[in-house]
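Read through the structure below, which is laid out as structure tokens, and then see the notes.
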């Protein structure tokens, strides 16, 4: 499986997925991948641990981050929630956001935290594409290990 390497993380991409960050219309776009024939985009915001008390990165802490994100973006009525503590902390939920569908993940490892979102038009959600996005999220490798 090909690996997409970004400044401070990497992910494994299933066939048909690629890095489209350069195509995102923003001054400083987040790392973004999408399926060539897909309907959505998967965007990553990574916070690497640098110094001080190391974040726990447990489900309780990640859930608080997800709840805060949802509230700050006016996202209500989460569906399909997920939470896992092993092998690393991960929480996720799906939301309807205006005319869009958005799935939000927070995952942690070794003090690092990732916020990942998959967004597409609400009526165009593709279960296979969303399942592949889930697979990509679970493949996140933080920091220096990403280049190897």
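Residue numbers (our numbering): 102 to 249. Heads up, the beta-carbon is just placed ideally off N, CA and C, and yes, glycines get one too.
Evaluate residue 146 with the Cβ neighbour count: other Cβ atoms within 10 Å of its Cβ, from every protein chain shown; 16 or more gives buried, anything less gives exposed. exposed
Report, in whole angstroms, the separation of the C-beta atoms of residue 204 and residue 193, which I expect to be a contact under 8 Å. 6 Å
Between 142, 149 and 240, which lies nearest to residue 220 when the distance is taken from Cα to Cα? For residue 220, the nearest C-alpha among the options comes from 142.
Looking at the secondary structure, which residues open and close the beta strand (DSSP E) in which residue 205 lies? 201–210
Taking residue 250 as the reference, which of 136, 160, 197 and 183 has the closest Cα? Nothing in the structure corresponds to residue 250, since the chain is present only between 102 and 249.
In terms of DSSP beta bridges, what is residue 120 paired with? 134
Per-residue DSSP class, three states only, for residue 237: Three-state DSSP puts residue 237 in a helix.
Using three-state DSSP, classify residue 160 as helix, strand or coil. helix
Within 10 angstroms of its Cβ, does residue 177 collect 16 or more other Cβ (buried), or is it exposed? exposed
Range of the contiguous beta strand (DSSP E) that encloses residue 227: Segment: none, residue 227 is in no beta strand (DSSP E) and carries neither H nor E.
Output yes or no for whether 8 Å exceeds the beta carbon distance between residue 217 and residue 164. no
Since residue 106 is in the beta strand (DSSP E), which residue starts that stretch and which ends it? 104–106
Return the Cβ separation of residue 120 and residue 134 in integer angstroms, given the expectation that the two are a contact with Cβ distance under 8 Å. 6 Å
Taking all protein chains shown into account, decide if residue 195 is buried (16 or more other Cβ within 10 angstroms of its Cβ) or exposed. buried
Give me the residue from 189, 132 and 168 with the minimum Cα distance to residue 182. 168
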